[in-house]
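In what follows, a structure is listed as structure tokens, so that the remarks can point back to it.
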Amino acid sequence: MKKKINIEGMTCGHCVGRVNKALSSIEGVIEVDVNLDEKKATVSMEREVSDEQFKAEIESSGYKVVEIESA
2 MKKKINIEGM
12 TCGHCVGRVN
22 KALSSIEGVI
32 EVDVNLDEKK
42 ATVSMEREVS
52 DEQFKAEIES
62 SGYKVVEIES
72 A
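To get this note's numbering, take the position in the sequence shown, counting from 1, and add 1.
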């Protein structure tokens, strides 16, 4: 299962790395692809992870979650 997360506040490669690290730290996440140009992250999971958990990890890294949708 996959989710797409629209994120505001990413401006550079360092931002991409921080978001990637935050999302990769969530139990159940098996792959993360963060796209700076689209300001979006695509996350593959081996089990269901709540939107609230994704939002908390991203926002604790200093970025804003705009929308989370199933991919």
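Idealized CB from N, CA, C, for every residue including glycine.
Same chain only: Cβ atoms within 8 angstroms of SER25, ignoring 5 sequence neighbours per side: Translated into the one-based positions of the sequence shown, residue 25 becomes position 24. Excluding positions up to five away in sequence, the list reads VAL33.
Proximity of LYS1 and LYS5 at Cβ, strictly below 8 angstroms: Since the first residue of the chain shown is 2 and the last is 72, residue 1 is not available in this structure.
Beta-bridge partners of ALA42, as assigned by DSSP: Here the question's residue 42 lines up with position 41 in the sequence shown. Per DSSP, ILE6, VAL35.
Interface flag, VAL66 vs chain B, CB-CB below 8 angstroms: The structure shown contains no chain B; it is built from a single protein chain.
Per-residue burial, GLU68 [other beta carbons within 10 Å of its own, 16 or more giving buried]: Position 67 of the sequence shown, counting from 1, holds the residue named residue 68. Answer is exposed; the Cβ neighbour count stays below 16.
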